[in-house]
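Only one structure is covered here, and it is reproduced in the block below.
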Amino acid sequence: IVKRLQPQQILDKYNELTQIIRRTIHNPAKALFGSWQLGQLAVILSTDFQWETIDAQKGLGEQIRQEIDRQLNIPVTISFGRRYPSWADIAISFAEARSARQYNKRDESSVVHVADMTGLTAPHGYAYPLALEKELLESIRLKQEDISLELMNALVDHLLYNYKDTPQILYSYFAELLSLISRNIIDMGALAPAVLDQSHRQMTILFSGPSPAQLRLWALNSVTELLSVTAFKTEKPSRDAVQLAIEYIHKNYHNPELTLGEVANTVGLSQSHLAFLLKERTGMSYSKYLSNLRIRHAKKLLRTTSMTISTIAEVVGYPNATHFYRIFQRQTEMTPKTYRETAVA
17 IVKRLQPQQI LDKYNELTQI IRRTIHNPAK ALFGSWQLGQ LAVILSTDFQ WETIDAQKGL
77 GEQIRQEIDR QLNIPVTISF GRRYPSWADI AISFAEARSA RQYNKRDESS VVHVADMTGL
137 TAPHGYAYPL ALEKELLESI RLKQEDISLE LMNALVDHLL YNYKDTPQIL YSYFAELLSL
197 ISRNIIDMGA LAPAVLDQSH RQMTILFSGP SPAQLRLWAL NSVTELLSVT AFKTEKPSRD
257 AVQLAIEYIH KNYHNPELTL GEVANTVGLS QSHLAFLLKE RTGMSYSKYL SNLRIRHAKK
317 LLRTTSMTIS TIAEVVGYPN ATHFYRIFQR QTEMTPKTYR ETAVA
């Protein structure tokens, strides 16, 4: 269940949401619940003869949607993956549900099933999400573990949905991704032997043939394990201050009042010195770096949530939606609305 709420809000409403769903199902033992990132609630449903058909599942989803709207006044999108006989395949169903939600996310209050996508996606016509991969590598380079895990989850969704019936191709994609992440971390200054040793262990696990559920866990674990071995070479104190400045910017980018002076004061450098070191480290001015960061987060929210564009603008640090539109279009050569529609396609 995907809602136009922030992650903290879904936690605040978690008990009310689960109670509504349990009452609608009538048999609480038939469902397991778990909160997910970016305003999502995952429900694993035991489907016997009562909900065996797609129409029955969507009918149940519509009942739940209406009850949540009536009792909490929250518009929700409910998306379903397919029924599978084995617990090991729940990861596939979860990936399908997330893909179905992406397909239909322009409608902020609806019920959609992965079967509605039939004919729209096929392995022979599959376009690997290269932009998503680049965002993942960039978030790893900046040591943003939470963002990296969410992006890796999105990549797992793409690959599981399209290659669940061809595991060898699936494993090959992940092997290449693991190699890219490893090289990226070494380029960051990590000790190559430690990274390659950890990468080898993860590769051995991958080619042991993990189940879909284990594959998602493997992918997320690979990110955390590789980030944990980033023992960086000693650098000059001023460069340490630059890293602190970058981390401060990433923690506070959503503040529309964030200035170079504030960042410089936080890390103990003058504005001019920090501006020079930032340009040397990132290849961008402070304003350009901050703008790119905000737009990158905006793109992720456009791709993964049903939040309105004006809300997204405010969340990433642009209280003026018109200014956000102008910056977004200048960087991407498309409007936020067009980007969202293209990402869905």
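Heads up: the sequence shown begins at 17 in our numbering, then just goes up one per residue.
Idealized CB from N, CA, C, for every residue including glycine.
Computed from a predicted structure; not experimentally measured.
Keeping to the same chain, check which residues put their C-beta closer than 7 Å to that of Val245; ignore five residues upstream and five downstream.
Closer than 7 Å at the Cβ level, and outside the excluded window around Val245, lie Ala206, Ala210, Val211, Gln214.
Please give me, in chain order, every unbroken run of the alpha helix (DSSP H) with length at least 4 that falls completely inside the segment 228-284.
228-244, 253-268, 276-283
Give the range of the beta strand (DSSP E) segment to which Ala58 is assigned.
Run containing Ala58: 56-61, per the beta strand (DSSP E) assignment.
With 16 as the cutoff for other CB atoms within 10 Å, does Pro335 come out buried or exposed?
exposed
Give the straight-line distance between the Cα atoms of Arg283 and Ala329, rounded to the nearest whole angstrom.
In the sequence under discussion, the amino acid at residue 283 is Val, which differs from the Arg named in the question. Approximately 28 Å, taken between the alpha carbons.
Can at least three beta-carbon pairs, one atom from the segment 310-319 and one from the segment 332-352, be found at a separation below 8 Å?
yes
Based on the DSSP secondary-structure assignment, which residues constitute the bridge partners of Phe96?
His129
Return helix, strand or coil for Gly75, following the three-state DSSP convention.
helix
Ordered along the chain, which non-local residues of its own chain (more than five positions away) have a Cβ less than 6 Å from that of Gln73?
Trp67, Phe96
Give every residue of the same chain whose Cβ lies closer than 7 Å to the Cβ of Lys113, excluding the five residues on either side of it in the sequence, and list them in chain order.
Checking the displayed sequence, the identity of residue 113 turns out to be Ala instead of Lys. Excluding sequence neighbours, Ala113 sits near Ser95, Phe96, Gly97, Val130.
What is the DSSP secondary structure of Ala329, counted as helix, strand or coil?
helix
Closest to Leu274 by CA distance: which of Leu290, Leu306, Glu263 is it?
Leu306
Quick check: Glu83 and Ile36, are their CB atoms within less than 8 Å of each other?
yes
Along the chain, where does the alpha helix (DSSP H) containing His42 start, and where does it finish?
Segment: none, His42 is in no alpha helix (DSSP H) and carries neither H nor E.
Could you check which residue in Val279, Ala235, Thr63 has the C-alpha nearest to that of Phe190?
Ala235
For Leu438, count the other beta carbons within 10 Å of its own beta carbon; 16 or more makes it buried, fewer makes it exposed. Which is it?
In the structure displayed, the chain extends from 17 to 361; residue 438 sits before or after that span and is not available.
Taking the Cβ atom as the reference point for each residue, do Pro183 and Ile108 lie within a distance shorter than 8 Å?
no
Just how far apart, CA to CA, sit Val127 and Ser164?
Distance between the alpha carbons of Val127 and Ser164 is about 29 Å.
Quick check: what's the CA-CA separation for Ser254 versus Ile311?
Interpretation of Ser254 is limited by its pLDDT of 42, a score under 50 that renders its predicted location unreliable; the figure taken from the coordinates is listed afterwards. Each residue's Cα considered, the two are about 28 Å apart.
Rounded C-beta distance between Ser115 and Asp181? I'm assuming under 8 Å.
About 15 Å separates the two Cβ atoms, so there is no contact after all.
Quick check on Phe344: does DSSP put it in helix, strand or coil?
helix
So, Ile265 versus Leu309, is the Cβ gap smaller than 8 Å?
yes
Excluding sequence positions up to five away, which residues of its chain have a Cβ less than 8 Å from the Cβ of Gly277?
Gln287
For Thr34, which residues from the same chain have a beta carbon less than 7 Å from its beta carbon, with the 5 sequence-adjacent residues on both sides left out?
Phe49
Taking the alpha helix (DSSP H) that Ile156 belongs to, which residues open and close that run?
146-157
Can you list the alpha helix (DSSP H) stretches of 4 or more residues lying completely in the segment 148-210, in chain order?
List check, alpha helix (DSSP H) in window: 161-179, 183-203.
Since Gln287 is in the alpha helix (DSSP H), which residue starts that stretch and which ends it?
Secondary structure note for Gln287: its alpha helix (DSSP H) is the uninterrupted segment 287-298.
Under a three-way DSSP split, which group does Ile108 fall into?
helix
With 16 as the cutoff for other CB atoms within 10 Å, does Asn31 come out buried or exposed?
exposed
In this structure, how does DSSP classify Thr137 when only helix, strand and coil are distinguished?
Residue confidence is low: Thr137 scores 45 on pLDDT, short of 50, so the model does not pin down where it sits. Its coordinate-derived value is still stated next. If DSSP states are grouped into helix, strand and coil, Thr137 belongs with coil.
Where DSSP assigns a beta bridge to Phe223, which residues make up the other side?
Phe223 is not bridged to any residue.
For Phe248, which residues from the same chain have a beta carbon less than 6 Å from its beta carbon, with the 5 sequence-adjacent residues on both sides left out?
Residue placement at Phe248 is flagged as unreliable, the pLDDT there being 41, under the threshold of 50; a coordinate-derived value is accordingly withheld.
Could you spell out the range, first to last residue, of the alpha helix (DSSP H) harbouring Asn308?
It spans 302-320 - the alpha helix (DSSP H) in which Asn308 sits, taken as one unbroken run.
Apart from the five residues just before and just after Phe110, which ones in its own chain have a Cβ nearer than 7 Å to its Cβ?
Ala58, Gly97
Between Leu243 and Val92, what straight-line distance do the alpha-carbon atoms span, to the nearest angstrom?
35 Å
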